[in-house]
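K.L.:
First the structure, which I've put down as structure tokens, then a few questions once you've had a look.
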Amino acid sequence: MSLLEVSDLTVAFPTDSDVVNAVRGMNFHVDPREVVALVGESGAGKSASAMAVVGLLPEYAAVSGSVRLHGKELIGLSDQDMSQIRGKTIGTVFQDPMSALTPVYTVGDQIAEAIEIHQRGTTRRAARARAVELLDLVGIAQPERRARAFPHELSGGERQRVVIAIAIANDPDLLICDEPTTALDVTVQAQILEVLKTARDVTNAGVLIITHDLGVVAEFANRALVMYAGRPVETASVDELYENRRMPYTAGLLGSVSRLDAAQGSRLVPIPGAPPSMAALPPGCPFEPRCPLAIDDCRIAEPELLEIAPNHRAACIRTDQVAGRSAAQIYGVSTEPPGTAEEATDPKVVLRVRDLVKTYKLTKGVVFRRQVGEVRAVDGVSFELQQGRTLGIVGESGSGKSTTLHQILELTAPQSGSIEVLGTDIATLDSRSRRAVRGDLQAVFQDPVASLDPRLPVFEVLAEPLSANGFGKKQIDERVAELLGIVGLQRADASRYPAEFSGGQKQRIGIARALALQPKILALDEPVSALDVSIQAGIINLLLDLQERFGLSYLFVSHDLSVVKHLAHRVAVMYKGTIVEQGDGDQVFSNPQHEYTRRLLAAVPQPEVNRR
Amino acid sequence: MTEPVTTESSTTAKSGVDVASFASRRTLVLRRFVRNKPAVVSIAILVLLFIGCYALPPLLPYSYSDLDYFALQQPPSTDHWFGTNALGQDLLAQTLRGMQKSLLIGVCVAFISTVIAATVGTIAGYFGGWRDRSLMWIVDLMLVVPSFLLVTIVVQRTKGDIVWMIVLLSVFSWMISSRIVRGMTMSLREREFVVAARYMGVSNTRIILRHIIPNVASIIIIDTALNVGIAVLAETALSYLGFGVQPPDVSLGTLIASGTPSATTFPWLFLFPAGALVLIIFCANLIGDGLRDALDPSSKALRRRKARK
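Residue numbers (our numbering), protein chains in the order written: chain A, -7 to 604; chain B, 530 to 838.
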């Protein structure tokens, strides 16, 4: 008998107008020591399924079906009975380690609390000792001392380790991990996956991991369920899934992942369209509107999840069309980089940064602020960006890459060093000429939600840089219409508010706004890291197309090495405020010189199974 | 690009597209506001009250100070629609006269104090530094001054002059809101859309007007609506204590004050002026609600469902 047995699970959220069917019939099982992954775009019902298992859905959610743990039915149990199971038989690891820990207690106390609640009669002292053991197990150095630390004193990776320690504190039989690595740096991600493997080995628990990262699935999981519109559409062992996927959606997901082995400028395969609204699904296959292989039969009935090979099921009637074809063939697009037309021998340098330094003062005291030291956020950084090229700046959070970018965008004289934009040293700018330079240097931000004013309709968002620079009403209307076309949005979208768009569309609006003044340089601050992979691919392709069409230069800041590989001609690796390695993209990736670069590259999870 | 010019490519590329007009924010907000029926009705009532209290008195047979010795303490009748008080004064004329004062004071004070609060709050929050420190120092100073006493002393010397009353009440009622606005502005300043606007070369004044103010608008608007009520009540209190509007002139405050003792025996003396006050405040609040919903695209009530493909 398997450890966890889920059958016909459905979850529905009633809203004011419609009922949103978040999960529509999940069937799966998890065996002891097995790692099962739920994969899919956001809104596919992954988290809702997992939260239904632990009974952490909001009260108004309607859950039906059956969830059996060790043969015992969980659905219908009272919250009090579930509390006996949660934390004891089922351990949970959440996405954001900052909000998963209480800021006012030490991490040792929080682990000890988890033990004391479920193991009555444990003395305080014993619980403390066990907490230290657990901290040691999840790889926290000096566990005795760190047990007395508060969550804010730990780094993101260490906090996630603590969360894992709490999850395994009572030796659970099932571990549920909801995007456990998403909020972390690449190198830390790899370590956390290692810790999770250790945790599984120690507790012999089955693991249900929710992720959108196909690299994580390949590294960690045994079996995967690809979810779409609240249902699994393909289930198979991970090896089988990556080598022999049979559902067009899975092929699209895998094709849209950026890879380290791709050449600069090569296009990705985006899945067109957006996931359907879960409130009113039309009859037929929910993926049909986005599917390149759709035929009339697809619109008639939703296909069942049928066995097409031993332990391999797919909900598609066109599986024979998928087997053995590449994603690019299925979706009918070319991934080849368009022929590099003329390789200018000596392109103009549009941005030159020399010995840039940015420090923050550390002060103590309230009345008399005395300086006790300084943080060198950026410490002597130099690089050049040539016209029509992309410079990728990679590094972990805290490496100073964003600070560098914003220092350039501020267009004010740096503390030390020099910044030259289009041949003008920005220290010499007055407010008039600074405005002129601003038109040439624009930015796209990481979070498309935060970077668009929620109170402004799209037309006003796009018109803002234009009217700020003295365009007339008629010119603005023309330019906005043109911009919408450039980034692939409809004219009717102009009078809608940002909240009505999906993440990818919002990012397109952000790019359109940056292009409004026809800049020569675009500063891109992690422009795709907040997006789903299938959407990422579309944005990356758009950026590549725009560069080709307008000869833009990109300054691309990212922690995602595989995305950088696709876009960047040159790469600068930043570590603790300095550039440790700089060179042509291919060179840096294929033959890394610096120890840190090598570590970064090794840590990137790749969607290939044979790497293990 | 040093000059804001569109190059050829941008004008010719999409020449086929009809670029006649995009709906700007103003039209969108207006459209959303008009869809909110209670708010539209409230604004109509408030405008009617305002016009009525100035336009009606000359048409009435009695002015607010005339005494009708043949109708003392009479309930509403065809002669005196709102009844009369113990002196035989027509209550309709008195209520209208009182509304003139109270509406003027209420709306003006609410408006002026909100403008001060929004200006001070956004400037202090957006720029920070010495501007923030000095402005907040003034706010703290104003907060510790016993404002009511100060107002009573000054108003007494001005013999209930309405302009002075408006100025004084406004000057002493903006501090708390400005602190709230400052706090919200400080968190907005760090948001990426404000940073983005700055990088696009949008001037600071424009950022405050177009990005900061609309995003704190909901609190400002609610504040204004509530301030109308508070200002009317403050005026009432002053008048009740004998410092505000001086007899024989009347305000809603003095009318309510004189009607309160006989509210059970001669209810019309109390009910009509009090009803006028409630109506004013109710309308102001509904308008505030409607404006907030219209300005805030995420507010649920008015959001049209869009079928997304």
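Quick reminder that beta carbons are idealized off the backbone N, C-alpha and C, glycines included. A quick note: this is a predicted structure, and the numbers were derived from the prediction, not measured.
Tell me whether Lys353(A) is buried or exposed, calling it buried when 16 or more other Cβ atoms sit within 10 Å of its Cβ.
P.N.:
For the purposes of this step, residue 353(A) is taken as the residue at position 361 of the first sequence. It is exposed - the Cβ of Lys353(A) has fewer than 16 other Cβ atoms within 10 Å.
K.L.:
Exposed or buried, what is Gly480(A) when buried is set at 16 or more other beta-carbons lying within 10 Å of its beta-carbon?
P.N.:
Taking the first sequence and counting its residues from 1, the one referred to as residue 480(A) is at position 488. Exposed, by the Cβ-count rule.
K.L.:
Between the region 716 to 746 of chain B and chain A, which residues of the former have CB atoms less than 9 Å from a CB of the latter, in chain order?
P.N.:
Correct list: Arg720, Glu721, Phe722, Val723, Val724, Ala725, Ala726, Arg727, Tyr728, Met729, Gly730, Val731, Ser732, Arg735, Arg739, His740, Pro743, Asn744, Ala746.
K.L.:
For chain A, check one thing: does any of its Cβ atoms lie closer than 8 Å to the Cβ of Leu559(B)?
P.N.:
Here residue 559(B) corresponds to residue number 30 of the second sequence, with the count starting at 1. With 8 Å as the cut-off, Leu559(B) does not count as an interface residue toward chain A.
K.L.:
Does Ile160(A) come out as helix, strand or coil in the three-state DSSP assignment?
P.N.:
For the purposes of this step, residue 160(A) is taken as the residue at position 168 of the first sequence. In the structure shown, Ile160(A) sits in coil (DSSP, three-state: anything other than H, G, I, E or B).
K.L.:
Among the candidates Leu589(B), Val668(B), Gly658(B), Val761(B), whose CA atom is the shortest distance from the CA of Leu633(B)?
P.N.:
Taking the second sequence and counting its residues from 1, one reaches residue 633(B) at position 104. For Leu633(B), the nearest C-alpha among the options comes from Val761(B).
K.L.:
Within 8 Å of any Cβ in chain A, is that where the Cβ of Gly819(B) sits?
P.N.:
For this step, residue 819(B) is matched to residue 290 along the second sequence. No - not a single Cβ of chain A is within 8 Å of the one on Gly819(B).
K.L.:
Measure the C-alpha to C-alpha separation of Ile785(B) and Ala803(B) and round it to an integer number of angstroms.
P.N.:
Here the question's residue 785(B) lines up with position 256 in the second sequence. Here the question's residue 803(B) lines up with position 274 in the second sequence. Cα-Cα distance, rounded: 6 Å.
K.L.:
Chain B partners of Ala435(A), CB-CB under 7 Å?
P.N.:
By 1-based counting over the first sequence, the position of residue 435(A) is 443. Within 7 Å Cβ-Cβ: Ala725, Tyr728.
K.L.:
Buried or exposed: which applies to Ser606(A), given that a residue is buried once 16 or more other Cβ atoms fall within 10 Å of its Cβ?
P.N.:
In the structure displayed, chain A extends from -7 to 604; residue 606(A) sits before or after that span and is not available.
K.L.:
Over the uninterrupted alpha helix (DSSP H) stretch that includes Cys812(B), give me the two end residues.
P.N.:
For the purposes of this step, residue 812(B) is taken as residue 283 along the second sequence, with counting starting at 1. Segment 796 to 824, the alpha helix (DSSP H) holding Cys812(B).
K.L.:
CB-CB under 8 Å to Arg381(A), same chain, minus the five flanking residues each way: which ones, in chain order?
P.N.:
If you number the first sequence from 1, residue 381(A) lands on position 389. For Arg381(A), where only same-chain residues beyond five positions count, the Cβ hits under 8 Å are Pro339, Ser545, Tyr546, His561, Arg562.
K.L.:
Tyr655(B) by DSSP, collapsed to three states: which one?
P.N.:
Taking the first residue of the second sequence as 1, we reach residue 655(B) at position 126. Three-state DSSP puts Tyr655(B) in a helix.
K.L.:
In chain B, which residues lie with their C-beta within 7 Å of the C-beta of Ser443(A)?
P.N.:
Here residue 443(A) corresponds to residue number 451 of the first sequence, with the count starting at 1. What Ser443(A) touches in chain B: Glu721, Phe722, Ala725.
K.L.:
Indicate whether Ser707(B) and Val668(B) have their beta-carbon atoms separated by less than 8 Å.
P.N.:
Looking up residue 707(B) in the second sequence gives position 178. Looking up residue 668(B) in the second sequence gives position 139. Yes.
K.L.:
Using the C-alpha atoms, what's the distance from Phe86(A) back to Ala141(A)?
P.N.:
Looking up residue 141(A) in the first sequence gives position 149. Looking up residue 86(A) in the first sequence gives position 94. Roughly 20 Å separates the two Cα atoms.
K.L.:
Please name the residue, chosen from Val450(A), Val187(A), Ala221(A), that lies closest to Ile501(A) on a Cα-to-Cα basis.
P.N.:
By 1-based counting over the first sequence, the position of residue 501(A) is 509. Of the listed residues, the one whose Cα sits closest to Ile501(A) is Val450(A).
K.L.:
Put Pro449(A) into one of helix, strand or coil per three-state DSSP.
P.N.:
Within the first sequence, numbered from 1, the residue matching residue 449(A) stands at position 457. Coil, per DSSP.
K.L.:
Would you mind sorting Asp469(A) into buried or exposed? The rule is 16 or more other CB atoms within 10 Å of its CB.
P.N.:
If you number the first sequence from 1, residue 469(A) lands on position 477. That one is buried.
K.L.:
Once DSSP output is grouped into helix, strand and coil, what is the label at Thr227(A)?
P.N.:
As a first step, residue 227(A) must be located in the first sequence, where it is residue number 235. Here Thr227(A) sits in strand by DSSP.
K.L.:
With three or more beta-carbon pairs closer than 8 Å as the criterion, would you say the region 688 to 706 of chain B touches the region 714 to 727 of chain B?
P.N.:
The region 688 to 706 of chain B vs the region 714 to 727 of chain B: no contact.
K.L.:
Considering only C-alpha positions, which residue in the set Leu800(B), Arg660(B), Ala568(B), Phe677(B) is nearest to Asn614(B)?
P.N.:
Position 85 of the second sequence, counted from the first residue, corresponds to residue 614(B). Considering only alpha carbons, the answer is Leu800(B).
K.L.:
Would Leu252(A) and Lys512(A) qualify as a contact pair, given that the criterion is a beta-carbon distance under 8 Å?
P.N.:
As a first step, residue 252(A) is located in the first sequence; it is residue number 260 there, counting from the start. As a first step, residue 512(A) is located in the first sequence; it is residue number 520 there, counting from the start. Against a cut-off of 8 Å, the Cβ pair of Lys512(A) and Leu252(A) comes out as no contact.
K.L.:
Can you look up Gln72(A) in the DSSP assignment and give me helix, strand or coil?
P.N.:
Working through the first sequence from its first residue, we reach residue 72(A) at position 80. Gln72(A): helix per DSSP, three-state reduction.
K.L.:
Can you list, in chain order, the residues of its chain whose CB lies under 7 Å from that of Ala254(A), leaving out five sequence neighbours each side?
P.N.:
For the purposes of this step, residue 254(A) is taken as the residue at position 262 of the first sequence. Counting only Cβ-Cβ distances below 7 Å, and skipping sequence neighbours, we find Lys557, His558.
K.L.:
Since Glu456(A) meets chain B, which of its residues come closer than 7 Å, beta carbon to beta carbon?
P.N.:
Here residue 456(A) is taken as the residue at index 464 of the first sequence, counted from 1. In chain order: Ala726, Met729, Val731.
K.L.:
Inspect the beta-carbon positions of Val155(A) and Leu93(A) and report whether they are closer than 8 Å.
P.N.:
The sequence position of residue 155(A) within the first sequence is 163, counting from 1. The sequence position of residue 93(A) within the first sequence is 101, counting from 1. Against a cut-off of 8 Å, the Cβ pair of Leu93(A) and Val155(A) comes out as a contact.
K.L.:
Go ahead and label Tyr598(B) buried or exposed: buried means 16 or more other beta carbons lie within 10 angstroms of its beta carbon, across all protein chains shown.
P.N.:
Counting from 1 along the second sequence, the entry for residue 598(B) is found at position 69. Tyr598(B) comes out exposed.
K.L.:
Let's see if you can read the secondary structure: which residues bound the alpha helix (DSSP H) around Gln434(A)?
P.N.:
Translated into the one-based positions of the first sequence, residue 434(A) becomes position 442. Gln434(A) -> not in any alpha helix (DSSP H); beta strand (DSSP E) instead, spanning 433 to 436.
K.L.:
Of the residues Gln438(A), Leu421(A), Ile109(A), which one's Cα is nearest the Cα of Arg430(A)?
P.N.:
Along the first sequence, one-based indexing puts residue 430(A) at 438. Answer by Cα proximity: Leu421(A).
K.L.:
Compare the Cα-Cα distances from Glu232(A) to each of Ala213(A), Tyr220(A), Pro329(A), Ser250(A) and report the closest residue.
P.N.:
Working through the first sequence from its first residue, we reach residue 232(A) at position 240. The residue with the shortest Cα to Cα distance from Glu232(A) is Ala213(A).
K.L.:
Helix, strand or coil, according to DSSP, for Cys169(A) in the structure here?
P.N.:
Along the first sequence, one-based indexing puts residue 169(A) at 177. Cys169(A) falls in the strand class under three-state DSSP.
K.L.:
Report back the beta-carbon spacing between Asp163(A) and Thr195(A) to the nearest angstrom; my notes put them in contact at under 8 Å.
P.N.:
As a working note, residue 163(A) is residue 171 in the first sequence. As a working note, residue 195(A) is residue 203 in the first sequence. About 5 Å; that satisfies the 8 Å criterion.
K.L.:
Measuring alpha carbon to alpha carbon, tell me which residue in Glu150(A), Ala119(A), Ala121(A) is nearest Gly131(A).
P.N.:
Here residue 131(A) refers to the residue found at position 139 when the first sequence is read from its first residue. The shortest Cα separation from Gly131(A) among Glu150(A), Ala119(A), Ala121(A) belongs to Glu150(A).
K.L.:
What residue does the alpha helix (DSSP H) around Leu755(B) start on, and which one ends it?
P.N.:
Taking the second sequence and counting its residues from 1, the one referred to as residue 755(B) is at position 226. Element bounds for Leu755(B): 742 to 769.
K.L.:
Rounded to whole angstroms, what's the CA-CA distance from Ile184(A) to Met43(A)? Just pull it up for me.
P.N.:
Within the first sequence, numbered from 1, the residue matching residue 184(A) stands at position 192. Within the first sequence, numbered from 1, the residue matching residue 43(A) stands at position 51. Going by the C-alpha atoms only, they are around 22 Å apart.
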